[in-house]
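Have a look at the structure below, then the notes.
Numbering (full-length UniProt numbering), first residue to last: 1 to 493.
This is the structure in structure tokens:
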């Protein structure tokens with residue numbers, strides 16, 4: 001009997017492996033170029049992701065194999081602009097892959113899903129329609145511009161305190177993080193973390209880092225994660241409960257949305273006030289989930305982009321002086337509209353987003369029923385296609401000398417202004433109906449942050465410890481400096 005069982009299992013395994021091999025050998029994706037191992041595994045991509053070099057790894061594959069690259073048995077990476085448009089256009093039937101469920105605030109793969117993690121097209125459209133009115137430029141300028149400006153004024157004061165205590169040298173990455181976390185917590189929860197007052201990061205961010213570890217562990221090894229989570233004792237480890245404190249914080253948004261006043265009004269309370277009678281509102285749990293998700297998505301993304309913006313400008317004295325002169329000529333009080341009209345500031349922001357945007361990593365989508373032809377080759381339904389801004393933004397056929405930070409390409413009459421192709425390829429916030437809903441808030445923070453910093457600290461310099469090596473772009477969830485710091489020397493201290 002034992003022998004028969006052993007024979008049965010070995011035969012079943014052999015049949016399974018043979019079936020897998022035949023499937024791999026006959027796959028339509030075999031027509032796409034790529035490394036030999038991609039027919040059998042995507043493990044090298046997983047290793048690159050966990051090593052914080054995801055975007056660079058896939059970019060090198062594009063440089064080697066071209067605009068269409070097979071990276072795993074069921075996934076193609078795409079950097080062709082026309083194919084990008086087909087995949088991400090408004091109304092596209094290329095839906096987000098279930099990979100996004102791992103980013104659910106309730107825990108990897110745990111519903112309910114927030115706007116970012118939703119894969120159902122209709123659910124997403126309804127939720128986005130409800131939330132989008134709170135993120136329009138008009139709404140942000142009416143309801144939140146004063147708060148954003150005040151938070152950045154607090155940031156400038158905090159930088160001055162640190163500079164006075166440290167002989168002029170400060171870590172701007174730390175202060176931009178405190179600024180964005182205080183800003184987004186005020187908008188989402190109706191109350192701020194107050195990190196700008198204390199100079200300390202809220203403990204919530206420690207939980208967020210733990211949650212990110214859980215997310216990428218689950219995403220990289222989903223079967224192992226799912227099995228381990230259900231084991232006694234092991235299932236009680238922190239990695240399987242890291243999201244609970246994040247969701248707990250979101251409950252503040254629920255309470256303040258119900259009992260809002262001028263002092264603690266939040267984006268959710270305003271959205272619910274403006275919802276039409278025929279619109280489905282948000283349940284308490286949905287508010288909780290969305291608040292937590294926006295906190296995650298709206299903090300280190302903008303803060304890290306501001307960090308790279310300051311680094312890029314301070315690395316170029318001529319650019320710094322030009323920007324300082326432009327900003328010095330702007331009359332008080334600064335407004336988002338007046339800053340948006342400044343050509344050099346706008347160009348610097350756009351070039352920073354092109355080369356150092358916080359989220360340049362893959363956007364996986366599932367090929368719809370019937371399959372699709374990409375690059376003259378058929379891709380079957382159910383296969384995954386992914387694009388990444390990192391590669392599009394470094395395409396030498398679209399952007400001249402793409403690895404060079406050159407803000408002049410964005411000035412009026414410059415190369416980008418004359419190129420519809422470059423405008424279409426510029427996608428730091430994603431594209432189509434799944435593009436980042438918070439992009440206008442991010443631009444507002446970038447404009448006020450950069451403007452108020454360079455007005456307050458004319459002649460600032462990079463510290464000796466801030467080097468090209470320390471600022472190498474590591475990326476897991478978002479891009480950040482390898483050193484996780486960017487120290488500068490402020491004048492007058």
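Built from N, CA and C at the ideal position, the CB exists for glycine as well.
DSSP three-state assignment for residue i, whether helix, strand or coil
i	result
residue 437	coil
residue 388	coil
residue 96	strand
residue 453	helix
residue 245	helix
residue 336	helix
residue 209	helix
residue 378	strand
residue 477	coil
residue 367	coil
residue 251	helix
residue 184	helix
residue 398	coil
residue 72	strand
residue 90	coil
residue 330	coil
residue 484	coil
residue 506	This structure cannot settle anything about residue 506, because the visible part of the chain is limited to 1 through 493.
residue 191	coil
residue 55	helix
residue 77	strand
residue 273	helix
residue 499	Here the chain comprises residues numbered 1 to 493, so residue 499 is not present and cannot be evaluated.
Spatial distance of residue i from residue j (CA atoms)
i	j	result
residue 370	residue 381	6 Å
residue 391	residue 245	36 Å
residue 53	residue 476	7 Å
residue 84	residue 360	14 Å
residue 259	residue 39	56 Å
residue 364	residue 128	20 Å
residue 425	residue 389	8 Å
residue 156	residue 178	11 Å
residue 249	residue 72	38 Å
residue 456	residue 439	25 Å
residue 123	residue 237	33 Å
residue 57	residue 270	43 Å
residue 490	residue 192	27 Å
residue 492	residue 463	15 Å
residue 145	residue 137	10 Å
residue 254	residue 100	24 Å
residue 103	residue 242	12 Å
Test: residue i CB closer than 8 Å to a CB of chain D
i	result
residue 79	The structure shown has no chain D; it contains just one protein chain.
Local Cβ density within 10 Å of residue i, reported as buried at 16 or more and exposed below that
i	result
residue 325	exposed
residue 37	exposed
residue 108	buried
residue 317	exposed
residue 353	buried
residue 1	Bear in mind that the predicted position of residue 1 carries a pLDDT of just 48, short of 50, making it unreliable; the figure below should be weighed with that in mind. Exposed, because fewer than 16 other Cβ atoms sit within 10 Å of the Cβ of residue 1.
residue 297	buried
residue 266	buried
residue 394	buried
residue 256	buried
residue 235	exposed
residue 224	exposed
residue 180	buried
residue 49	buried
residue 105	buried
Beta-carbon spacing of residue i, residue j below 8 Å
i	j	result
residue 170	residue 159	yes
residue 252	residue 294	no
residue 247	residue 292	yes
residue 432	residue 121	no
residue 497	residue 173	As shown, the chain starts at 1 and ends at 493. That puts residue 497 outside it, with no answer to give.
residue 33	residue 66	yes
residue 46	residue 220	yes
residue 79	residue 301	no
residue 460	residue 314	yes
heavy atom of the ligand NAD below 7 Å from residue i C-beta
i	result
residue 427	As far as ligands go, the structure on display features none, and thus does not contain the ligand NAD.
### Message
Quick check: the stretch 158-170 against the stretch 282-293, are at least 3 beta-carbon pairs closer than 8 Å?
### Response
Between the stretch 282-293 and the stretch 158-170, the count of C-beta pairs closer than 8 Å stays below three; the two stretches do not touch.
### Message
With three or more C-beta pairs closer than 8 Å as the rule, is the stretch 299-309 touching the stretch 467-480?
### Response
In short, these stretches touch, since the Cβ pair count reaches three.
### Message
If contact is defined by three or more beta carbon pairs under 8 Å, each pair taking one atom from either stretch, is the stretch 405-425 in contact with the stretch 439-454?
### Response
Contact fails: fewer than three Cβ-Cβ distances are below 8 Å.
### Task
Report yes or no: do the stretch 372-379 and the stretch 335-349 share at least 3 C-beta pairs separated by less than 8 Å?
The answer is no - the stretch 335-349 does not touch the stretch 372-379, with fewer than three Cβ pairs under 8 Å.
### Message
Count Cβ pairs between the stretch 428-446 and the stretch 140-155 that sit closer than 8 Å; are there 3 or more?
### Response
Under the three-pair Cβ rule at 8 Å, the stretch 428-446 counts as touching the stretch 140-155.
### Query
How do the stretch 172-192 and the stretch 201-221 stand: do at least 3 beta-carbon pairs fall below 8 Å, yes or no?
Touching, yes, given that three or more Cβ pairs across the two stretches are closer than 8 Å.
### Message
Between the stretch 113-121 and the stretch 221-235, can you find at least three pairs of beta-carbon atoms closer than 8 Å?
### Response
Judged by Cβ distances under 8 Å, the stretch 221-235 makes no contact with the stretch 113-121, as fewer than three pairs qualify.
### Query
Quick one: any contact between the stretch 393-407 and the stretch 332-339, if contact means 3 or more CB pairs under 8 Å?
Cβ pair count under 8 Å is below three, so no.
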